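Notes for the one structure printed next.
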Amino acid sequence: MNTNSLIQAYYNALQEALQQIFTALTSLRKDTLAKLVLGGVMGGTATEIAQATGMDYETVLKNLNKLANTNLTKIVKEIVQDHPVQLIIDDTHDHKQHARALPVSRNGAQVFYCREHKRYEPTIQLLIIAIKDLKTNETYIVTIIPYIPQKVVEILRERGEEVEFKTKIQEYLETLPILEEEFNVVCKVFDSWYVNSKTLLDDTVGELKANSRVTEGGRLVPVGEFPEGEYLVEYLGIPIKLLVIDDYKGFGRRYFFSTNVNDTAEDLITAWENRWDIEVLIRELKALGLEKGSFLTWVRNKGFITLKALSLLLVLLFKYSLGLYLGAKRIARVIKSIYQSLGGIKKLFKRRRKT
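Each residue of the sequence shown is one higher than the one before, starting from 1 at the first, in the working numbering.
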């Protein structure tokens with residue numbers, strides 16, 4: 001295949017990926033949405049997106065407001081259909097380098113100590129839920145919810161601002177029925193920070209801390225005292241399958257569980273290791289510039305977060321359709337080179353209207 005044929009094949013794959021996103025998203029005109037999503041791949045900041053697409057900066061900002069309430073779930077549903085899926089739940093910090101948070105800004109950014117950077121930084125906290133299609137092994141983000149911790153709510157309320165407070169677990173539990181109605185969910189998985197009596201629902205896989213106490217033979221025992229092996233015990237009054245591993249991949253003793261007591265050790269470990277996919281998606285989301293948007297309003301910040309999620313979805317659809325084994329940043333360069341070879345996004349959209 002010569003260079004021109006390869007570029008055309010890649011361009012066709014991009015067009016198909018865009019059409020999949022258009023199917024369930026009608027809040028914006030298709031040409032505007034396409035420019036924004038492609039711009040979100042090629043540029044990190046709103047200014048870079050405007051430059052890449054030939055759009056006016058103010059137009060980009062106005063459209064971010066429109067994107068704030070986009071339903072990612074509906075879009076991904078069109079892709080995975082009724083395939084069996086695993087829900088993966090996690091959260092992350094959306095660092096806002098240029099935000100003024102002393103200790104909280106009006107857009108919800110808060111001062112937070114970052115262990116990675118070893119300093120205090122302004123950040124917005126995000127609950128992220130992804131699904132892994134167990135038929136295709138493809139993983140997509142279906143929900144991103146910016147949430148405000150209680151300490152931030154208290155400060156905002158002292159200023160006289162009306163703020164609704166929900167913990168990340170409350171947000172998860174309110175979103176779960178919607179996702180279970182839309183998707184064929186066979187399993188849910190999260191780490192130890194999400195474990196409590198309300199989240200121990202059917203077909204849930206997770207991890208316990210070493211000091212967690214389970215009931216065995218009528219007595220409470222810390223899981224740290226169990227030898228390596230499989231056990232049927234109760235935790236917070238819920239029957240669980242407990243799997244103790246002395247040295248899990250070099251990370252020491254780990255305590256995994258499933259609320260489906262019929263799960264084998266292999267079932268449990270497979271479900272747990274699928275959880276790593278969401279860590280990869282979060283890293284890819286940040287590689288596309290998630291943390292480069294810092295706006296004055298909560299709605300606009302949410303719209304920017306949604307745009308980056310849509311841009312990542314485009315990258316994943318393009319990647320999966322072509323069978324590429326590249327990270328988001330490298331695929332973004334490939335997409336950018338495709339459009340540059342065709343004269344840029346603005347010229348290409350003019351050409352498409354003529355054909």
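C-beta: ideal position from N, C-alpha, C; glycine also. These numbers come from a predicted model, not from an experiment.
At what residues does the alpha helix (DSSP H) containing residue i begin and finish?
i: V334; result: A328 to S341
i: Y172; result: K168 to E182
i: A109; result: Premise fails: A109 is in no alpha helix (DSSP H) and is neither H nor E.
i: Y10; result: T3 to F22
Report the three-state DSSP secondary structure of residue i (helix, strand or coil).
i: R352; result: Confidence in R352 is poor, its pLDDT being 47 and thus under 50, which makes the residue's placement too unreliable to answer from.
i: F295; result: coil
i: R157; result: helix
i: N65; result: helix
i: E228; result: coil
i: V261; result: coil
i: D91; result: strand
i: Q81; result: coil
i: R283; result: helix
i: K188; result: strand
i: F256; result: strand
i: K319; result: helix
i: K241; result: strand
i: T123; result: strand
i: K74; result: helix
i: Y113; result: strand
i: V195; result: coil
i: Y325; result: coil
i: Y57; result: helix
i: L28; result: coil
i: K302; result: helix
i: D344; result: Asp is not the amino acid found at residue 344; the sequence shown has Gly there. The answer is coil: DSSP assigns G344 none of H, G, I, E or B.
i: K35; result: helix
With burial defined as no fewer than 16 other Cβ atoms inside 10 Å of the residue's Cβ, what is the status of residue i: buried or exposed?
i: L208; result: buried
i: E284; result: buried
i: S5; result: exposed
i: C187; result: buried
i: R300; result: buried
i: S341; result: exposed
i: I178; result: exposed
i: Q81; result: exposed
i: D91; result: buried
i: W272; result: buried
i: R352; result: Unreliable positioning characterises R352 in this predicted model, as indicated by a pLDDT of 47, which lies under 50. The coordinate reading is nonetheless provided below. Per the 10 Å Cβ criterion, exposed.
On the DSSP letters alone, give me the boundaries of the beta strand (DSSP E) that residue i sits inside.
i: Y140; result: T139 to Y147
i: A210; result: No beta strand (DSSP E) contains A210, which DSSP labels as neither H nor E.
What do you reckon, are the CB atoms on residue i and residue j nearer than 8 Å?
i: L87; j: I128; result: no
i: L288; j: S311; result: yes
i: I335; j: M42; result: yes
i: T23; j: E78; result: yes
i: Y320; j: E138; result: yes
i: E228; j: I240; result: no
i: T306; j: I144; result: yes
i: T47; j: K35; result: no
i: P122; j: K151; result: no
i: Y194; j: V214; result: no
i: I155; j: L72; result: no
i: L242; j: V223; result: yes
i: I7; j: I75; result: no
i: G218; j: F257; result: no
i: G303; j: A17; result: no
i: F190; j: I89; result: yes
i: V315; j: I338; result: no
Give me whichever residues DSSP pairs with residue i in a beta bridge.
i: T45; result: DSSP lists no partner for T45.
i: K96; result: Beta-bridge pairing links K96 to no other residue.
i: V221; result: V214
i: K132; result: Q86 and T139
i: T204; result: K188
i: E266; result: In DSSP, E266 forms no bridge with anything.
i: E234; result: T215 and P239
At a cut-off of 7 Å, is residue i close to the ligand ZN when judged by its beta-carbon and the heavy atoms of the ligand?
i: A265; result: With respect to small molecules bound, the structure shown includes none, and the ligand ZN cannot be examined in it.
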